[in-house]
Amino acid sequence: MSEPLTVTDPADPRLADYTGLTDVELRRRREPAEGLFIAEGEKVIRRALAAGYRMRSMLLTAKWLGVMQDVIDAAEAPVHVVEPDLAEQVTGYHVHRGALASMERKPLPDASELLIDARRVAVLEGLVDHTNLGAIFRSAAALGMDAVLLSPDCADPLYRRAVKTSMGAVFSVPYARLDPWPGSLATVRDAGFELLALTPSGAVDLAVARPHTLPRAALMLGAEGDGLTAKALAAADRRVRIPMAHGIDSLNVGAAAAVAFYAVNAG
Numbered sequence: 015m016s017e018p019l020t021v022t023d024p025a026d027p028r029l030a031d032y033t034g035l036t037d038v039e040l041r042r043r044r045e046p047a048e049g050l051f052i053a054e055g056e057k058v059i060r061r062a063l064a065a066g067y068r069m070r071s072m073l074l075t076a077k078w079l080g081v082m083q084d085v086i087d088a089a090e091a092p093v094h095v096v097e098p099d100l101a102e103q104v105t106g107y108h109v110h111r112g113a114l115a116s117m118e119r120k121p122l123p124d125a126s127e128l129l130i131d132a133r134r135v136a137v138l139e140g141l142v143d144h145t146n147l148g149a150i151f152r153s154a155a156a157l158g159m160d161a162v163l164l165s166p167d168c169a170d171p172l173y174r175r176a177v178k179t180s181m182g183a184v185f186s187v188p189y190a191r192l193d194p195w196p197g198s199l200a201t202v203r204d205a206g207f208e209l210l211a212l213t214p215s216g217a218v219d220l221a222v223a224r225p226h227t228l229p230r231a232a233l234m235l236g237a238e239g240d241g242l243t244a245k246a247l248a249a250a251d252r253r254v255r256i257p258m259a260h261g262i263d264s265l266n267v268g269a270a271a272a273v274a275f276y277a278v279n280a281g
């Protein structure tokens, strides 16, 4: 059990993990290098712990002490209690949810390991928007995807905004990087997956493609706006699309992913 300790100095080195959380470039470099990520909010912290991530420390405002008491009782890491104004000084924003935890990352598995027992995987190329990435992970967890594979330039699923948007689903769906890209797509095909590129161009409707009948299917999605690159499309086995109405040509990538994930698991 950790005894919560009040901290009154925003420059206190014990709060170093939480400094500048709104500086995306700083956090993108720092967090993977230092092997940490930030879990925000009661539910996300609990889900991170349940998924086996080890806590480095916790930062709370006083009103959250009661809510998080069981977590505090079980914690071996230090628990820092701060005033809301000080939390904002340290993090750079108003911490609405009142509870943050610095967690240790786990080593990423190889993609080939994740593919052994998987039947349905998402393959993401160039997804740099953390909100979209988090939404895709949440849909992947809810709609039965077994794994998510990321191109090297995809955003970090454990960045605070992605974790928050996913409501902790990034802890539920295993993921790995495919590097080099797109050459490592051969690893997916060699594991028996059919690569289905989601694109409005030169594609057949999902209902016609019947992806739910495939023994193993990998759904490829590209970044918002640009979509999949020419090289990724060339590596796909088939192109599939979501039929549109009322002159709409595409969906937000998060929404498109949810529809496609449902389609590949339907029936």
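If you use this note's numbering, the sequence shown closes out at 281, no skipped numbers anywhere.
Note that beta-carbon positions come from the ideal geometry of N, C-alpha and C, so glycine has one too.
Since this is a predicted model, take the numbers as computed values, not measurements.
- Between V142 and V162, the C-beta spacing is not below 8 Å.
- Taking the CA atoms as reference points, R60 sits about 33 Å from R230.
- Straight across, the Cα-Cα distance linking L129 with T20 is about 46 Å.
- Taking C-beta atoms under 8 Å as the contact rule, E90 and S16 qualify, at a distance of about 7 Å.
- Of all alpha-carbon atoms in E54, Y32, L199, L74, the one lying nearest the alpha-carbon of R44 is that of Y32.
- The residues L147, G148, F151, V162, L164, V177, S180, V184, Y189, in chain order, have a CB closer than 8 Å to that of P171 in the same chain once the five nearest residues on each side in sequence are set aside.
- DSSP lists no bridge partner for S198.
- Counted as a single uninterrupted DSSP element, the alpha helix (DSSP H) harbouring A223 occupies residues 220-223.
- Judged by DSSP in its simplified three-state form, G268 adopts helix.
- The alpha-carbon separation between P196 and A169 amounts to approximately 17 Å.
- Taking C-beta separations shorter than 7 Å and ignoring five residues to either side along the sequence, the partners of P214 in its chain run R255, D263, S264, following chain order.
- When the beta-carbon positions are compared, A115 and D160 stay at least 8 Å from each other.
- Separation of V202 and Q103 (C-alpha to C-alpha, rounded to the nearest whole angstrom) is 46 Å.
- In the three-state reduction of the DSSP assignment, S180 falls in the helix class.
- Secondary structure of T36 (DSSP, three-state): coil.
- E56 carries a helical assignment under DSSP once its states are collapsed to helix, strand and coil.
- In this structure the segment 221-237 lies against the segment 245-253, because at least three pairs of beta carbons, one per stretch, are closer than 8 Å.
- Under the three-state reduction of DSSP output, G241 falls in the strand class.
- Residue D193 holds the alpha-carbon nearest to the alpha-carbon of P123 among M258, V38, D193, V273.
- In the assembly as shown, Y107 is an exposed residue. Its beta-carbon has fewer than 16 other beta-carbons within 10 Å.
- From the listed residues A47, P27, A62, R28, the smallest Cα separation to G182 is found for A62.
- The continuous beta strand (DSSP E) containing L114 extends over residues 113-118.
- Linking L35 to R41 through their CA atoms gives a straight-line distance of about 7 Å.
- In the three-state reduction of the DSSP assignment, A47 falls in the helix class.
- Shown here, H94 sits in a strand according to DSSP, grouped into three states.
- Scanning its chain for C-beta atoms nearer than 6 Å, with the 5 sequence neighbours on each side dropped, one finds around E139 the residues S165, G236, L242, A246, in chain order.
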